[in-house]
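K.L.:
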Amino acid sequence: MFDPSTLPCQGGQLLLVTDSLASPADFVILSILAAQLKNHSLKSKCIFVSFSQTFSHWKSVAARLSPPTHLSSHISNGSFKFLDALTEPHTTASALRLLYDKISRILDEPDAGDANSDSPNMIVLDSISFLEWSGISVVDVKCFVRALRALCNRRYASLVIRHHRVLSDDLDDLARSLLAQCAWHLEVLPLSSGRSGAISGEVALHRGPLLNDLAIIDTIQRNNAVQYRLSDTGALYFGRGTSAGIL
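Every position in the sequence shown, counted from 1, becomes a number in my numbering once 1327 is added.
(1) At which residues does the alpha helix (DSSP H) containing L1434 begin and terminate?
(2) Taking the beta carbon of W1385 as the centre, do at least 16 other beta carbons fall within 10 Å, making it buried, or is it exposed?
(3) Give me, in chain order, the residues of the same chain whose beta-carbon lies closer than 6 Å to that of Q1340; leave out the 5 immediate sequence neighbours on both sides.
(4) Using DSSP with H/G/I as helix, E/B as strand and the rest coil, what is T1333?
(5) Does the beta-carbon distance from H1490 to I1450 come in below 7 Å?
(6) So within the segment 1489-1539, which uninterrupted alpha helix (DSSP H) runs reach at least 4 residues, ignoring any that extend past its ends?
(7) Which runs of the alpha helix (DSSP H) spanning at least 4 residues fall entirely within the segment 1336-1367, listed in chain order?
(8) Work out the CA separation of I1547 and S1332 for me, nearest whole Å.
(9) So, with DSSP's three-state summary, where would you put I1463?
(10) Using the Cβ count rule (16 or more neighbours within 10 Å means buried), how would you classify G1338?
(11) Considering only the alpha carbon of each residue, which of C1479, K1429, I1488 lies closest to D1453?
(12) Does D1428 pass the burial test, meaning 16 or more other C-beta atoms within 10 Å, or should it be called exposed?
(13) Going by DSSP, which residues form a beta bridge with Y1555?
(14) Report buried or exposed for P1351, applying the criterion of at least 16 other Cβ atoms within 10 angstroms of its Cβ.
(15) Grab the span of the alpha helix (DSSP H) containing I1402 for me, first residue to last.
(16) For the putative contact between S1523 and F1457, defined by C-beta atoms under 8 Å, what is the C-beta separation to the nearest angstrom?
(17) A1412 by DSSP, collapsed to three states: which one?
(18) Whose C-alpha, out of I1359, F1354, P1437, S1504, is nearest the C-alpha of V1465?
(19) Enumerate in chain order the residues of its own chain whose CB-to-CB distance from A1474 is below 8 Å, with the five nearest sequence positions on each side excluded.
(20) So if DSSP puts S1485 in a beta bridge, which residue, or which two residues, is it bridged to?
(21) Which residues share a DSSP beta bridge with S1377?
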């Protein structure tokens, strides 16, 4: 069954996660983050840039996962860096440049992974849509993303970006740009039939135009999306029409 923690996050590749207010993808971001911190050695860095929540929120939710992920421990050993972009708002292009410089300096640290390592670094941009909503132009946001992708290529880092879609099927300019640059696109979708007590939403997975490896992972089309139910310890996944099997 589908498990976002098994998605291949190769150095230089972009994994795009899209969601909506009716079906937020926090659980997917946490699953990817937990897998990165668990599976890779201390010779790689995971940089988490949060535009929507403080560290205390992510720390609390991650600790309730099964198994739990203790973010403070990973900060202590140097494998996890949290950049709070919520309480330090980024509302200008120059502020984005300063954020880029912070990320670059972390990847320049001696214990960061490189192309000769089997432990790729990872950069997570959570809720990049908040940059647009705060007044930064789409052009500046797209330039910021392109600069990060170039940095990821140089420093053997994967890039995970969450983008909120306000309109269900209409793509905004930023979404189109991100889709053109991604290797994988993971969609978290609300139920088309409306809310259900047993089902929280659906997940679809698509190959992106810049997928350049031979990873053998089945895509999941919208018409055959995997459904999920959220609990306090994470998400439970199941095929359509089989939700009774997890009760």
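Don't be surprised by glycine CBs; every beta carbon is placed ideally from N, CA and C.
P.N.:
Once the coordinates are examined:
(1) Residue numbering aside, residue 1434 sits at position 107 when the sequence shown is read from its first letter. Segment 1420-1434, the alpha helix (DSSP H) holding L1434.
(2) What you label residue 1385 is simply residue 58 of the sequence shown in a count that begins at 1. W1385 is buried by the Cβ-count criterion.
(3) Here the question's residue 1340 lines up with position 13 in the sequence shown. For Q1340, the CB contacts under 6 Å within the same chain, skipping 5 residues up- and downstream, are S1485, A1510 in chain order.
(4) Working through the sequence shown from its first residue, we reach residue 1333 at position 6. Here T1333 sits in helix by DSSP.
(5) Start at 1 with the first residue of the sequence shown, and residue 1490 comes out as number 163. Start at 1 with the first residue of the sequence shown, and residue 1450 comes out as number 123. No.
(6) 1500-1508
(7) Taking only runs of at least 4 residues, the alpha helix (DSSP H) segments lying wholly in the segment 1336-1367 are 1353-1366.
(8) By one-based count along the sequence shown, residue 1332 stands at place 5. By one-based count along the sequence shown, residue 1547 stands at place 220. Their Cα atoms are separated by approximately 15 Å.
(9) On the sequence shown, position 136 is the one that residue 1463 refers to. If DSSP states are grouped into helix, strand and coil, I1463 belongs with coil.
(10) Reading the sequence shown from its first residue, position 11 is the one you call residue 1338. Buried, since its Cβ has 16 or more Cβ neighbours within 10 Å.
(11) For this step, residue 1453 is matched to residue 126 along the sequence shown. The candidate whose alpha carbon is nearest that of D1453 is I1488.
(12) Numbered from its first residue, the sequence shown carries residue 1428 at position 101. Result: exposed.
(13) Translated into the one-based positions of the sequence shown, residue 1555 becomes position 228. DSSP output for Y1555 lists G1528, Y1564 as bridge partner(s).
(14) Mapped onto the sequence shown, residue 1351 falls at position 24. Classification for P1351: buried.
(15) Your numbering for residue 1402 matches position 75 in the sequence shown. Per DSSP, I1402 belongs to the alpha helix (DSSP H) from 1398-1403.
(16) As a working note, residue 1523 is residue 196 in the sequence shown. As a working note, residue 1457 is residue 130 in the sequence shown. Not a contact, Cβ separation roughly 29 Å.
(17) For this step, residue 1412 is matched to residue 85 along the sequence shown. In the structure shown, A1412 sits in coil (DSSP, three-state: anything other than H, G, I, E or B).
(18) Here residue 1465 refers to the residue found at position 138 of the sequence shown. The shortest C-alpha separation from V1465 is found at S1504.
(19) Along the sequence shown, one-based indexing puts residue 1474 at 147. Same-chain partners within the cutoff: Y1427.
(20) In the sequence shown, residue 1485 corresponds to position 158, counting from 1. Residue pairing from DSSP places S1485 in a beta bridge opposite M1449.
(21) Here residue 1377 is taken as the residue at index 50 of the sequence shown, counted from 1. D1411, D1453, per the DSSP bridge assignment.
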